[in-house]
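Residue numbers (the UniProt record's numbering), protein chains in the order written: chain A, 1 to 230; chain B, 1 to 230; chain C, 1 to 230; chain D, 1 to 230. Note that the Cβ used here is the ideal one computed from N, Cα and C, for glycine as well. In what follows, a single structure is set out as structure tokens and then discussed.
4 protein chains.
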Amino acid sequence: MLEKLKQEVLEANLELPKKGLVVYTWGNVSGIDRDKNLVVIKPSGVKYEDLTIDKLVVIDLDGNVVEGDYKPSSDTATHLELYKAFGEIGGVAHTHSEWATSYAQAGVNIPPLGTTHADYFYGDIPCTRAMRAEEIQKEYEKQTGKVIIETFDGHNPMEVPAVLVKEHGPFTWGTDAHNAVYNSVVLEEVAKMAVKTFTIKNDIFAHKMSQDLLDKHYLRKHGVNAYYGQ
Amino acid sequence: MLEKLKQEVLEANLELPKKGLVVYTWGNVSGIDRDKNLVVIKPSGVKYEDLTIDKLVVIDLDGNVVEGDYKPSSDTATHLELYKAFGEIGGVAHTHSEWATSYAQAGVNIPPLGTTHADYFYGDIPCTRAMRAEEIQKEYEKQTGKVIIETFDGHNPMEVPAVLVKEHGPFTWGTDAHNAVYNSVVLEEVAKMAVKTFTIKNDIFAHKMSQDLLDKHYLRKHGVNAYYGQ
Amino acid sequence: MLEKLKQEVLEANLELPKKGLVVYTWGNVSGIDRDKNLVVIKPSGVKYEDLTIDKLVVIDLDGNVVEGDYKPSSDTATHLELYKAFGEIGGVAHTHSEWATSYAQAGVNIPPLGTTHADYFYGDIPCTRAMRAEEIQKEYEKQTGKVIIETFDGHNPMEVPAVLVKEHGPFTWGTDAHNAVYNSVVLEEVAKMAVKTFTIKNDIFAHKMSQDLLDKHYLRKHGVNAYYGQ
Amino acid sequence: MLEKLKQEVLEANLELPKKGLVVYTWGNVSGIDRDKNLVVIKPSGVKYEDLTIDKLVVIDLDGNVVEGDYKPSSDTATHLELYKAFGEIGGVAHTHSEWATSYAQAGVNIPPLGTTHADYFYGDIPCTRAMRAEEIQKEYEKQTGKVIIETFDGHNPMEVPAVLVKEHGPFTWGTDAHNAVYNSVVLEEVAKMAVKTFTIKNDIFAHKMSQDLLDKHYLRKHGVNAYYGQ
Chain A
1 MLEKLKQEVL EANLELPKKG LVVYTWGNVS GIDRDKNLVV IKPSGVKYED
51 LTIDKLVVID LDGNVVEGDY KPSSDTATHL ELYKAFGEIG GVAHTHSEWA
101 TSYAQAGVNI PPLGTTHADY FYGDIPCTRA MRAEEIQKEY EKQTGKVIIE
151 TFDGHNPMEV PAVLVKEHGP FTWGTDAHNA VYNSVVLEEV AKMAVKTFTI
201 KNDIFAHKMS QDLLDKHYLR KHGVNAYYGQ
Chain B
1 MLEKLKQEVL EANLELPKKG LVVYTWGNVS GIDRDKNLVV IKPSGVKYED
51 LTIDKLVVID LDGNVVEGDY KPSSDTATHL ELYKAFGEIG GVAHTHSEWA
101 TSYAQAGVNI PPLGTTHADY FYGDIPCTRA MRAEEIQKEY EKQTGKVIIE
151 TFDGHNPMEV PAVLVKEHGP FTWGTDAHNA VYNSVVLEEV AKMAVKTFTI
201 KNDIFAHKMS QDLLDKHYLR KHGVNAYYGQ
Chain C
1 MLEKLKQEVL EANLELPKKG LVVYTWGNVS GIDRDKNLVV IKPSGVKYED
51 LTIDKLVVID LDGNVVEGDY KPSSDTATHL ELYKAFGEIG GVAHTHSEWA
101 TSYAQAGVNI PPLGTTHADY FYGDIPCTRA MRAEEIQKEY EKQTGKVIIE
151 TFDGHNPMEV PAVLVKEHGP FTWGTDAHNA VYNSVVLEEV AKMAVKTFTI
201 KNDIFAHKMS QDLLDKHYLR KHGVNAYYGQ
Chain D
1 MLEKLKQEVL EANLELPKKG LVVYTWGNVS GIDRDKNLVV IKPSGVKYED
51 LTIDKLVVID LDGNVVEGDY KPSSDTATHL ELYKAFGEIG GVAHTHSEWA
101 TSYAQAGVNI PPLGTTHADY FYGDIPCTRA MRAEEIQKEY EKQTGKVIIE
151 TFDGHNPMEV PAVLVKEHGP FTWGTDAHNA VYNSVVLEEV AKMAVKTFTI
201 KNDIFAHKMS QDLLDKHYLR KHGVNAYYGQ
């Protein structure tokens, strides 16, 4: 079942090591079939070099395994919360990529500093609040999803398709699994350039980009008046 | 038409990912035929792995497509302004390379700190002023070109073949498309070493290089008394 | 003799350059057969590209060569001290990997800043005290082992399978030679992200991770209630 | 003539891009035949991918071309000064490698911070004083050599086989051309780790390594009591 989606999720997962975003098994990507409400996700702890299509796991939105011989990713409950809350997303990716994770560890938002950011993220890439002891101790991965959703309260997750989970690392999403990974790559670049920017000139007020330029670049690539690409 | 120029522009574009200067489609290179006043440029949003000679776009200096099935790069108008104002240049390159872009985001010039810089850039690599709201909102890419030209007022663009567009990223140029990309590579190295230099010793006054050494190295490689190379 | 262990130690040694953890000959890995109390270790100063199974050296816990034509690693005595003091370890790795070594040179512990750390190291990765003149001058490599053991006094070396030897570099260990190298890779990632985290926000108090989250992630992967992986 | 030396100098030159120490043509290596007092050196401005044995240039110690169709490296006069002043060296290498060059641009010595440094360099890796206007304007490359020699006044160049030329970059030397390049690689690693060490803890007094440990590691690898390697 879901062969096309599985192929997509497999390729998207394999894209992570290829792009240098994961070490060992530190990442996972899923995709959703919105008609059937089924999610395809990487199995837990399986090496990328051993990952094949038949090892992927199909689950429903309650986390029940519908098909597959493997246990799904330990982060599955986080993915499911995001799919349930963010109705437009088709894929979710999680990595411990070095620059975005360092931002998550520092516990601060990534502000928009230039057009590379503005082309994909329409404002700050937020960092969640720290999770509370009770959230960590009970249904931790599900609560991780809930804290992400809380962070986006009043914001459009399609306009900023990434979040930093404090003291943990990034989650990104997108129209499908490939797009979720694409956004992981962009997030990593943006995080890296933000660190370097502040290393050059450590003054947040001096070079937060202008709102006009943020609008221009985001809307040059997104929405009805977009004119980038073919 | 312009088969030789197209081949050159194709190769120069493909050099960008090979040198690690671009992620996804974040860059574009063009070259000009000064006799015909025609420019060959990368199509917008096409992946480098899919880029072939027949996808390149030929335009005139007013931006009219003369040949090609694709839309030219969204940055085309910037390239054209540079060709019109800087009569000696034969190629233009634009990237979001990480170090130069970080400098552009920080909004400061790259000062000459050593002979690597002096061998190619005869003084500061300037950062433009921020663009004004009206420049951003109307003919943005053309205005980007105009702000670059304003930045070089009174300076020779062949002596410093690179600029940092504030909150955006670098543009470089050169005698042809290859040389423009060459200068992008050099700029990235120079920007990277400048950041590291200030990390080691954060005192601009202590190690800005001597004018004598800047003269020596620039003129060792350029002009009538150059003696570097065969 | 010990063919299986030798194969494992060979592969584990070759993993070091593959993972980018060593330059030239700057690293060594060993494994122990606990039944026979014999250790297999890399020969001293042999290039990784020249390393073959027959060049490995078999020694007893007193450092006597039992088999092999080569001199064992100059760090052998350090490995042996660790095997004698830490009864559960099956392999030891030593590198001069750039980030962990820089931490060792700075002479400070790596604090747990996020879940990447917590997944593998249950608390600070400690840096030893400086070695004393007499320790350096007499039986230096053996004393290096003793200083590591002193550093773990009252701590479980299996819960934090890594140490930074001050002004020198990291040693890691694990259930076997492969696992020791795995922990070297993780240590390097964790060290790298710690440096970047402090570069983003240089405030140790602001983002040392919560003990609850440290517990959760470490115990999600280790011990009787672990649920990560298949 | 000098076929063996040429082969060695060719290989040593090609090692530079392989080790990531040079961009484009920014480096050169030479080797000397002490019996004949002839030096083999890279031609000026020739790309590494185009470098073949017949393009190497043979010169005498006065810089006269004895064999070869190409102009020797523009840095030739610096190499010759070093060969004349440092009687034990058999090879010289020059690069603009990013970390060592950044140190040269910052204009400060690299202090010994750990055993990686101590294994190869018996003390600070010195940075020269700035060159004077008259030294820059007349016989610049020869004067560069003289300033290096001045920097080593009272020091043994074989114990610290590297120097940082202020506002320029590193020169290294060794027993032969290969060893000179080896020392360039080590210097780059040591410079990189020094920057990272100070990023972690910016206090030169806190972690300059002990003289005892510096002695131990240097003498473990060099001199009559060395015991590292086979």
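C-alpha distance - residue i paired with residue j, whole-angstrom precision
i	j	result
residue 231/D	L16/D	Nothing can be reported for residue 231/D: it is not among the residues displayed for chain D, which extend from 1 to 230.
G31/A	D215/A	30 Å
K18/B	M131/D	37 Å
L80/B	L61/B	6 Å
I89/C	V39/C	12 Å
E49/C	P43/C	13 Å
Y227/C	L219/C	9 Å
I125/D	T116/D	13 Å
A77/C	P112/D	25 Å
F86/B	V147/B	13 Å
K196/A	L21/B	16 Å
F198/B	V23/D	21 Å
Closer than 7 Å at the beta carbon, the chain A residues around residue i
i	result
K71/B	Q230
A130/B	S210
S102/B	M193, K196, T197 and I200
L213/C	M131, I136 and E167
Proximity test, Cβ basis, 8 Å: residue i and chain C
i	result
E189/D	yes
6 Å Cβ shell around residue i - same chain, five flanking residues per side excluded
i	result
D119/D	H217 and K221
G169/A	H96, T101 and A104
P72/C	I41, V57 and I59
Interface flag, residue i vs chain B, CB-CB below 8 Å
i	result
P112/D	no
W173/D	no
Three-state secondary structure (DSSP) of residue i
i	result
F152/A	coil
D35/B	coil
W99/A	helix
T199/C	helix
G27/B	strand
L164/B	strand
G20/B	coil
I136/C	helix
H117/A	helix
D69/A	coil
A77/D	helix
V46/A	coil
I53/B	helix
V108/C	coil
D60/A	strand
residue 237/A	Absent from the structure is residue 237/A, since the part of chain A shown begins at 1 and ends at 230.
Within-8 Å CB hit, residue i to chain D
i	result
V58/C	no
S44/C	yes
is_contact[residue i, chain A] using C-beta, thresh 8 Å
i	result
Q105/B	yes
V23/B	yes
V108/C	no
Y227/C	yes
S184/B	no
S30/B	no
Cutoff 7 Å; reference residue i; Cβ partners in own chain excluding five residues on either side
i	result
A191/A	W99, A100, Y103 and I110
V224/C	none
T172/B	A93, P161, A162, A180, N183, S184 and L187
M158/B	E88
Contacts of residue i in chain A (Cβ-Cβ under 8 Å)
i	result
K216/C	I136, Q137 and Y140
Contact list for residue i against chain D, beta-carbon separation under 7 Å
i	result
residue 310/C	The structure shown does not extend to residue 310/C, since chain C is modelled only from 1 through 230, so no value can be given for it.
Beta-carbon contacts of residue i that lie in its chain and below 8 Å, excluding the five residues immediately before and after
i	result
D75/D	N28, H94, E141 and T144
Amino acids of chain D, ordered along the chain, whose beta-carbon sits closer than 8 Å to that of residue i
i	result
R34/B	Result: empty, since nearest Cβ-Cβ is about 26 Å, beyond 8 Å.
Check: residue i C-beta below 7 Å from any heavy atom of the ligand GTP
i	result
K196/B	By its list of ligands, the structure shown contains no ligand whatsoever, and the ligand GTP lies outside what it can speak to.
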